[in-house]
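Taking it in order: structure first as structure tokens, then the write-up.
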Amino acid sequence: MNRLIRAIAMSSARHPWRTIASWFLVIGSVVSLAVIGGGTFADDFSVAGSQSARALELLDQSFPEAAKGKALVVLAAESDEPLEARRDAIRAALADVAQMAHVESVADPFSVATMSPDGRIAYAELTLDAPERQLGKPAFAALSRAVSGTQIPGVQVELGGDAVFLNAGGGGSGHVGIGLLVALLVLLVVFGTLVAAVVPIALSIVAVGAGIGAITLLAGTMDVSESAVPVAGLVGLGVGIDYALFVVARYRENRAAGLDNTRALADSMGSSGTAVVFAGGTVIIATGALALTGVGILTSIGLSTALMVMAAVASAITLLPALLSLLGDRIDTGRIARRNRPTKPANGSVWWRFGHRVSSRPWPYLLGAIATLVAVAAPALWMHTGFPAAGDAPAETTHRQAYDLLAQGFGTGFNGPLLVVVDLDVTGTQASGVPALIDDIAAVPGIASASEPRLSSDGRTIVFTAVPATGPADPETSRTIERVRAITPGNVYVAGITAMTDDLNSQLNSKLPLFIGAVIAVSFLLLMLVFRSIVVPLKAAAVNLLSIGGAYGVLVAVFQWGWGSELLGLEGPTPITSLIVVIMFPILFGLSMDYEVFLLSRIREEYLRTGDNAESVARGLAGTGRVISSAALIMIAVFASFVASPVPSLKMLGLGLATAILIDATVIRMMLVPATMALLGKANWWLPSWLDRLLPRLTIEAGDSASMRPEQGSALEEVDAPIAKELLTR
Numbered sequence: 040m041n042r043l044i045r046a047i048a049m050s051s052a053r054h055p056w057r058t059i060a061s062w063f064l065v066i067g068s069v070v071s072l073a074v075i076g077g078g079t080f081a082d083d084f085s086v087a088g089s090q091s092a093r094a095l096e097l098l099d100q101s102f103p104e105a106a107k108g109k110a111l112v113v114l115a116a117e118s119d120e121p122l123e124a125r126r127d128a129i130r131a132a133l134a135d136v137a138q139m140a141h142v143e144s145v146a147d148p149f150s151v152a153t154m155s156p157d158g159r160i161a162y163a164e165l166t167l168d169a170p171e172r173q174l175g176k177p178a179f180a181a182l183s184r185a186v187s188g189t190q191i192p193g194v195q196v197e198l199g200g201d202a203v204f205l206n207a208g209g210g211g212s213g214h215v216g217i218g219l220l221v222a223l224l225v226l227l228v229v230f231g232t233l234v235a236a237v238v239p240i241a242l243s244i245v246a247v248g249a250g251i252g253a254i255t256l257l258a259g260t261m262d263v264s265e266s267a268v269p270v271a272g273l274v275g276l277g278v279g280i281d282y283a284l285f286v287v288a289r290y291r292e293n294r295a296a297g298l299d300n301t302r303a304l305a306d307s308m309g310s311s312g313t314a315v316v317f318a319g320g321t322v323i324i325a326t327g328a329l330a331l332t333g334v335g336i337l338t339s340i341g342l343s344t345a346l347m348v349m350a351a352v353a354s355a356i357t358l359l360p361a362l363l364s365l366l367g368d369r370i371d372t373g374r375i376a377r378r379n380r381p382t383k384p385a386n387g388s389v390w391w392r393f394g395h396r397v398s399s400r401p402w403p404y405l406l407g408a409i410a411t412l413v414a415v416a417a418p419a420l421w422m423h424t425g426f427p428a429a430g431d432a433p434a435e436t437t438h439r440q441a442y443d444l445l446a447q448g449f450g451t452g453f454n455g456p457l458l459v460v461v462d463l464d465v466t467g468t469q470a471s472g473v474p475a476l477i478d479d480i481a482a483v484p485g486i487a488s489a490s491e492p493r494l495s496s497d498g499r500t501i502v503f504t505a506v507p508a509t510g511p512a513d514p515e516t517s518r519t520i521e522r523v524r525a526i527t528p529g530n531v532y533v534a535g536i537t538a539m540t541d542d543l544n545s546q547l548n549s550k551l552p553l554f555i556g557a558v559i560a561v562s563f564l565l566l567m568l569v570f571r572s573i574v575v576p577l578k579a580a581a582v583n584l585l586s587i588g589g590a591y592g593v594l595v596a597v598f599q600w601g602w603g604s605e606l607l608g609l610e611g612p613t614p615i616t617s618l619i620v621v622i623m624f625p626i627l628f629g630l631s632m633d634y635e636v637f638l639l640s641r642i643r644e645e646y647l648r649t650g651d652n653a654e655s656v657a658r659g660l661a662g663t664g665r666v667i668s669s670a671a672l673i674m675i676a677v678f679a680s681f682v683a684s685p686v687p688s689l690k691m692l693g694l695g696l697a698t699a700i701l702i703d704a705t706v707i708r709m710m711l712v713p714a715t716m717a718l719l720g721k722a723n724w725w726l727p728s729w730l731d732r733l734l735p736r737l738t739i740e741a742g743d744s745a746s747m748r749p750e751q752g753s754a755l756e757e758v759d760a761p762i763a764k765e766l767l768t769r
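This is how it looks when you write it as structure tokens:
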């Protein structure tokens, strides 16, 4: 495998301008196709086959007007005077709202009596001229600004409703800029030269651009979430910089060792370049596996992230060697220090000494690492997930203020109504039995009220609403939905955003074991192929689960329990979003495997050279410790920048990813992995001979025969005779 990657890279390096032109051509073509045939982005929270999905199908067929987007213009008197005193001013303002872009009609709250009992709060239902998913976030953002900016003396005006909340902007446009700035600073420290620091950043920007074009094309063939681009871009930016960092660091190390530029590049692409392919492959497989959940929004985010990582890997093995070939010695231009620090690992370095220290006393480090991981992960045992509501949004947003006003005037459950749909074409409740059904549902514990039914124009469907007594994010609301569904016949379906997200959570709970098992199984197989070992992939899966558990534990402590939540700009405890928990798992598992591949490939490379387990661990740490730590720091900075977002779900994603990378790069890579490697010794590389013969042979160790001494043959044969023979004869 390393020969193939090296051949691809060196072909790109021999024809650098052709490679660069090809990249520009590909990106230009992708962007052009995306403009012509790309789709729009929309969040699909429905679960195929669920009650809520069936209800939406019936509504689309029998109530086409229901498919149009809806919003609520919420009006609140700023004094004790009722809104009736401002009737003329309110009607005039609503008439102006009716003239706004995409607004088809606005109901008069005084005519339809949508007013609170005390007369101080009212709402006007706003019907849009297109379905919600066709309008997208920009249209809703413009409408929110326009409506909330409406001036009525003595009256507060806000725009709310599920569509407004779900299409609210994420804010925080400076995230990418902050991440790139920190990455540049870290790379300047690592490489000591401006050009070497800029190359990985430039490469990541190209990869992200190509990835966004590919995601837009994907949106033309399926529903792609609005969150797909920011999530995929977040990961793509991190891995794009990291992959280039690993290759450039190895390239400069080889040059410092005395190899000419061509040989140094070939060796770095054969080792680090191949590691990039396998590391990226694990991320692609892990994120692509989100399709196994059967949830549209997760499938689109997973496939989008896989496309982004694919672009990062492709740029690292083609565009990067072309750039390095063109730069040559100019890679060291713009030196910011008097001299470059030696890049070749040397005996006696800090990392080398630390590796020997861990190897000489593995048990204290192993037990200490496990105790730390268990302590950090323990809160995850009490995790409760849900789906965010407008009540969890920042207090200054118009949809949050509308939510609070509606809860104050009409009750908390008004913000999460249940939509009950009766299919009269199916055996069960018929039109004559609907009044009794409404009474039964109104009597269910947890239901505050039920509305009058509406019959579709074709006479085939009846719909009415049931308002729960608790809020949409309250666990009691989920139990109320269960009680309602328990008393309804088979032709009655419960929908609404609250019921839809409840179905989504149920789907995730049923599919998670399959999803997690598939990710672990495929990653195990890849690592077994690469490292010719049973123990290494088992250990990697276990420690990666511990680091992910640590991230979940921190989320529970900060968001669910509210520890230090004020420091993140939160008002207190916030429900943990189920989608974020699921999205985090494949991303973190794949990224953790990245560092596992880079560290263990270097350890194995040294072990094949020396046959000395302790020395190979020390040299592996010396060769990758500084680079992995720098790569992790870049990832942490990029992810942590999202903690500044005003949206709680993005805060969760940023903090969770940053925490896991921090744990992985310190506790796991510096203590747990070296300690277990020292304790297991040769067992690390054990693979049954019959299985060794069956598995295809893939190697990512350096193939430089000059670095292998013939007298080391016995040690190599003792470790892995077939690989040793291949390396010595290469």
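Each residue of the sequence shown is one higher than the one before, counting from 40 in our numbering.
The C-beta atom is built at its ideal place from N, Cα and C for all residues, glycine as well.
Quick caveat, the model's predicted, so the values are computed rather than measured.
Measuring C-alpha to C-alpha distances from Val-203 to each of Asp-281, His-438, Val-502 and Gly-77 identifies His-438 as the nearest.
When the alpha-carbon of Leu-362 is set against those of Pro-713, Ser-728, Leu-726 and Ala-48, the nearest one is in Ala-48. C-alpha of Ser-266 to C-alpha of Arg-159: approximately 37 angstroms in a straight line. The region 522-558 contains, as complete beta strand (DSSP E) runs of 3+ residues, the segments 531-534 (chain order). Under the 8 angstroms Cβ criterion, the region 133-148 does not count as touching the region 422-431, having fewer than three qualifying pairs. Within the region 696-737, no beta strand (DSSP E) run of at least 3 residues lies entirely inside it.
Between the region 570-579 and the region 719-729, the count of Cβ pairs shorter than 8 angstroms is three or higher; the stretches touch. Gly-662 and Val-686 have their C-alpha atoms roughly 40 angstroms apart. Collapsing the DSSP output to three states places Asp-168 in a strand.
When beta bridges are read from the DSSP output, Gln-195 appears opposite Ala-115. For Asp-633, the closest alpha carbon among the candidates Thr-540, Ser-364, Gly-279 and Leu-220 is that of Gly-279.
Here the C-alpha atom of Thr-504 lies approximately 6 angstroms from the C-alpha atom of Ala-489. Phe-426 sits in coil when the DSSP states are folded into three classes, being neither helix nor strand.
DSSP, reduced to helix, strand and coil, places Gly-485 outside both helices and strands of the structure shown, so it counts as coil. For Leu-458, the uninterrupted beta strand (DSSP E) run begins and ends at 457-462, by DSSP. Ranked by how close their Cα comes to the Cα of Thr-332, the residues Pro-177, Asn-544 and Leu-711 have Asn-544 in first place.
With a cut-off of 8 angstroms on Cβ pairs, the region 703-717 is in contact with the region 648-658, counting three or more such pairs. Sorting Ser-183, Asp-479 and Gly-320 by C-alpha distance to the C-alpha of Thr-527 places Asp-479 at the top. Within its own chain, the residues whose Cβ lies closer than 7 angstroms to the Cβ of Leu-444, once the five positions on either side in sequence are excluded, are Val-113, Ala-115, Ile-160 and Glu-197, listed in chain order. By the C-beta density criterion, Met-154 is buried, having at least 16 other C-beta atoms within 10 angstroms.
When DSSP assignments are scanned along the region 632-691, the uninterrupted stretches of alpha helix (DSSP H) that are 4 or more residues long and fall wholly within it turn out to be 652-679. Pairing Pro-576 with Ala-325 gives a Cβ-Cβ distance that is not under 7 angstroms. The region 58-74 makes no contact with the region 332-346; the number of CB pairs closer than 8 angstroms stays below 3. Under DSSP, Lys-578 shares a beta bridge with no residue. Look at Gly-319 here: in three-state DSSP terms it is helix.
Pro-403 and Ser-388 have their C-alpha atoms some 22 angstroms from each other.
With the rule of 3 Cβ pairs closer than 8 angstroms, the region 531-544 counts as touching the region 90-97. Rounded to the nearest angstrom, the Cβ distance from Gly-455 to Pro-507 is 6 angstroms, consistent with a contact under 8 angstroms. Burial state of Glu-292 is buried, judged by a 10 Å Cβ sphere holding 16 or more other Cβ atoms. DSSP places Glu-491 in the coil class of the three-state scheme, outside both helix and strand. DSSP lists Ala-115 as the bridge partner or partners of Ile-160.
For Thr-504, the beta-bridge partners assigned by DSSP are Leu-458. Counting of Cβ neighbours within 10 angstroms places Ala-580 among the buried residues, the total reaching 16 or more. Here the alpha carbon of Ala-288 sits roughly 17 angstroms from the alpha carbon of Ala-351. Excluding residues up to 5 positions away in sequence, Val-234 lie with their Cβ nearer than 6 angstroms to the Cβ of Thr-372 in the same chain. A direct Cα-Cα distance of roughly 19 angstroms separates Leu-566 from Phe-285.
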